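Numbering of the sequence shown is given in UniProt numbering, commencing with residue 1 and proceeding in unit increments.
Glycine is no exception: its CB is placed at the ideal position from the N, C-alpha and C atoms.
No experiment lies behind these values; they were computed from the predicted model shown.
Right, one structure below, let's go through it.
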Amino acid sequence: MTKTTVAALQIGSRPEGKAATLDAILSFEQQIADSQAALVVMPEALLGGYPKGSDFGTRLGYRMPEGREAFAAYHANAVDLDAPEIEALAGLSRRTGATLVLGVIERAGATLYCTALFIDPERGLIAKHRKLMPTGTERLIWGQGDGSTMPVVESRAGRIGAAICWENHMPLFRTAMYAKGIEIWCAPTVDERDVWRASMRHIAHEGRCFVISACQVQPSPAELGREVEGWPADRPLIRGGSMIVGPLGDVLAGPLEHETGLVTAEIDTAEIVRARYDFDAVGHYSRPDVFRLQVDETPRPGVAFAPFSLPGTAPA
């Protein structure tokens, strides 16, 4: 069977913290079940939060003490991958039969990563993708992923992978994902702009794949009772815009704005071969005699331990 229903869950992190956000996600269980979606994509940094407008007390050349306190609070709200929140999401996946792809702030020691998790109805957490390049001042609070977490995995809906927010603008990253045979491109994001939506249509058309963009929705600073420098008090911090796009760039569902909700569409992965008849970016339309992309998927930990040997002896 090549036809299936897929969905984007447009929702925002709750200001009360990750427990309240998890409750908000779980409240959509019946809607997900009723939709019979085989795949549900959720936004970037959903569990753990996207602190839009925060500066974490950083000035060029020095950091303020209040910024350290802000980071400590953000770290405390992040998610360990063996935490109860992940098991709760695995339960949601199991009960609804939907594979989940969602953004979390992953805690690894003192370092945080902007991560997309892949949760399977039968196998639970099966893969993760750490954002390769945080954008702008996101680099103050998130580490960089490496090539070892760029999965494309099988799901009931098809072969799925993820690119988080502005990673979607990285041409070589996209090429690597196309070469892995991606069929459904998952794009967790907080980018609400019209140009983002154009990018989603471009990627679908370029990769001849289905694209599911899931964006957070956040109220205005006035509604949150806070001030954000340079941001109108009555303008939503993130207005959403979640959408689903077909492999010729046609919008199948959405964009949904200014509200939470489930955006769904029926897709047929058999359309991918038809779409690639006249353009296959890593197949007949490539020129390997002119261009070559080398991808390093080696894990790059901060410290690597190698076998020790004395001079003139073989390693133990």
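Query	Result
Any non-hydrogen atom of the ligand FAD closer than 8 Å to Tyr-62 Cβ	The ligand FAD is absent from the structure shown, which contains no ligand whatsoever.
Identity of the residue in Gly-246, Ala-88, Glu-183, Glu-167 nearest Thr-264 by Cα	Gly-246
Euclidean distance between Cα positions of Ala-37 and Gly-97	8 Å
In DSSP terms, what Arg-159 is bridged to	Glu-154
Where Trp-142 sits in the DSSP three-state scheme	coil
Endpoints, alpha helix (DSSP H) assigned at Arg-67	As written in the sequence, residue 67 is Gly, which differs from the Arg given in the question. It spans 65-76 - the alpha helix (DSSP H) in which Gly-67 sits, taken as one unbroken run.
Environment of Glu-122 [buried if 16+ CB atoms lie within 10 Å]	exposed
Beta-carbon gap between residue 327 and Val-295 smaller than 9 Å	With the chain running from 1 to 316 in the structure shown, residue 327 is simply not present.
First and last residue of the uninterrupted beta strand (DSSP E) at Asp-120	111-120
Under the three-state DSSP convention, the category Lys-128 falls into	strand
C-beta atoms of Ala-116 and Lys-131 nearer than 9 Å	yes
Gln-30 classed as buried or exposed, judged by whether at least 16 other C-beta atoms fall within 10 angstroms	exposed
Beta-bridge partners of Phe-210, as assigned by DSSP	Ile-184
Contact between the segment 45-52 and the segment 70-77 (3+ Cβ pairs under 8 Å)	yes
Simplified DSSP state of Leu-262, which is helix, strand or coil	strand
Closest residue to Tyr-19 among Leu-89, His-129, Trp-142 (Cα-Cα distance)	This sequence places Ala at residue 19; Tyr is not what is there. The option with the nearest alpha carbon to Ala-19 is Leu-89.
Three or more C-beta pairs below 8 Å linking the segment 155-164 and the segment 233-249	no
For Glu-44 and Thr-189, believed in contact at Cβ under 8 Å, the rounded distance	5 Å
Residue of Ile-212, Ala-72, Val-104 minimising C-alpha distance to Ser-13	Val-104
Reduced DSSP category for Val-217 - H, G, I as helix; E, B as strand; rest coil	strand
Same chain, Cβ closer than 7 Å to Ser-54, five either side skipped, listed in chain order	Ala-70
Leu-39 beta carbon less than 9 Å from that of Thr-99	yes
For Pro-300, the nearest candidate out of Ser-93, Gln-144, Met-42 (CA to CA)	Looking at the sequence provided, one finds Arg at residue 300 rather than Pro. The shortest C-alpha separation from Arg-300 is found at Gln-144.
Strand pairing of Leu-256, partner residues [DSSP]	Ser-242
Those residues which DSSP pairs with Leu-81 across a bridge	Partner(s): none; Leu-81 has no beta bridge.
Simplified DSSP state of Gly-103, which is helix, strand or coil	strand
Of the listed residues Arg-235, Gly-230, Ala-270, Val-211, nearest to Ser-220 (C-alpha basis)	Arg-235
Where Lys-3 sits in the DSSP three-state scheme	strand
Close beta carbons around Ser-35, own chain, < 8 Å, minus the five adjacent residues each side	Thr-5, Ala-7, Leu-262, Thr-264
Beta-carbon proximity list for Gly-181, same chain, < 8 Å, skipping 5 on both sides	Val-152, Arg-159
From Met-177, Arg-139, Leu-26, residue whose alpha carbon lies closest to that of Arg-208	Met-177
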